[in-house]
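Using our numbering, the first residue of the sequence shown is number -14, and each one after it goes up by one.
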Amino acid sequence: MKKLFLLLFLAITTTSFAQNKINIESGNFDFLKDQTEVNVQFKFENPLFQADNYTEAQYLERRKTETLAKKGGESWKEWEEEWQKHKESVFFDKFIEGINGKAKKIKFSKGASAKYTLILDTKWIYAGWTGFVTQPAKLSSELIFVETENPSKVLAKVQGDKIEGIGSKGSYRMEYGRISAAYEKTGKELGKAIKDALK
């Protein structure tokens, strides 16, 4: 029985580590060697949600139904306002915070006058949960480096594969807080990969 539990634990752990990482799909980071700043753009266009791959509209409708039934209209209004705020700025800010904390010599910022632009394109979100134990949120994204003046010129394409939002100082109580942590962790992982590549 102990061997069965050990095998199960190893299988789960291996699966988690196999998915929770940055994968360079094409190109490399050599073009960043002499750069001190990179512009960042945030795309949140039709990502899928949860294991069932809900659209955002479907995800929000389910969340609305659940909140109205348990807590009422005022709670839903507050939740929806927070969701919009996170979607429009907090997720993006947390990613930038994460990447700047690891890349060190290169500053990543929104609206920078830089030679290169990093496009963060959100593809899939798993909101996680909190309770007796906390299940972190997960984020899959496409991270594309392009020339700012010629966006069709792709220098590197990177996949963030189910990055778990762990190690953040933010609140895990609500899903937008857990998702923010996944954006921050994605930034950290990409920043670390860039730093390691440019040693």
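Using N, Cα and C, we set each Cβ at its ideal position, and we do this for glycine too.
On a predicted model such as this, the values are computed, not experimentally measured, just so you know.
Check whether the Cβ atoms of Ala167 and Ile9 lie closer than 8 Å to each other.
As a working mapping, residue 167 is identified with position 182 in the sequence shown. As a working mapping, residue 9 is identified with position 24 in the sequence shown. In this structure, Ile9 does not lie closer than 8 Å to Ala167 by Cβ.
For Gly83 and Ser137, what's the separation of their Cα atoms in angstroms?
For the purposes of this step, residue 83 is taken as residue 98 along the sequence shown, with counting starting at 1. For the purposes of this step, residue 137 is taken as residue 152 along the sequence shown, with counting starting at 1. One C-alpha to the other measures close to 26 Å.
Three or more C-beta pairs closer than 8 Å, one from the stretch 35 to 53 and one from the stretch 125 to 136: is that the case here?
no
Simplified DSSP state of Val75, which is helix, strand or coil
As a working mapping, residue 75 is identified with position 90 in the sequence shown. If DSSP states are grouped into helix, strand and coil, Val75 belongs with the helices.
Distance between Val118 and Gly86 (C-alpha atoms, nearest Å):
Residue numbering aside, residue 86 sits at position 101 when the sequence shown is read from its first letter. Residue numbering aside, residue 118 sits at position 133 when the sequence shown is read from its first letter. Taking the straight line joining both Cα atoms gives about 28 Å.
At 3 residues or longer, and completely inside the stretch 95 to 156: list those beta strand (DSSP E) runs for me, N to C.
101 to 111, 123 to 132, 135 to 149
Give the straight-line distance between the Cα atoms of Ala54 and Glu65, rounded to the nearest whole angstrom.
Taking the sequence shown and counting its residues from 1, the one referred to as residue 54 is at position 69. Taking the sequence shown and counting its residues from 1, the one referred to as residue 65 is at position 80. Looking at the two C-alpha atoms, the distance is approximately 15 Å.
List the DSSP bridge partners of Gln26.
Here residue 26 refers to the residue found at position 41 of the sequence shown. Gln26 is bridged to Ile104.
Using the beta-carbon count (16 or more within 10 Å), is Ile110 buried or exposed?
As a position in the sequence shown, residue 110 is number 125, starting the count at 1. Looking at its Cβ environment, which holds 16 or more other Cβ atoms inside 10 Å, Ile110 is buried.
Starting from the Cα of Phe93, find the closest Cα among Asn24, Asn38, Ser60, Gln20 and give me that residue.
Within the sequence shown, numbered from 1, the residue matching residue 93 stands at position 108. Minimum Cα distance to Phe93 is reached at Asn24.
Other residues of its chain near Gln20: CB distance less than 8 Å, five sequence neighbours each side excluded:
To locate residue 20, count along the sequence shown from 1; it is residue 35. Ile91, Ala99, Lys100, Tyr101.
Beta-ladder partner(s) of Asn31, from DSSP:
One-based indexing of the sequence shown puts residue 31 at position 46. Partner(s): none; Asn31 has no beta bridge.
Would Arg163 and Ala122 qualify as a contact pair, given that the criterion is a beta-carbon distance under 8 Å?
Along the sequence shown, read from residue 1 onward, the residue named residue 163 stands at position 178. Along the sequence shown, read from residue 1 onward, the residue named residue 122 stands at position 137. Going by C-beta atoms, Arg163 is nearer than 8 Å to Ala122.
Quick check: the Cα distance between Glu30 and Asp181, rounded to an integer number of angstroms?
Taking the sequence shown and counting its residues from 1, one reaches residue 30 at position 45. Taking the sequence shown and counting its residues from 1, one reaches residue 181 at position 196. Whole-angstrom Cα-Cα distance: 31 Å.
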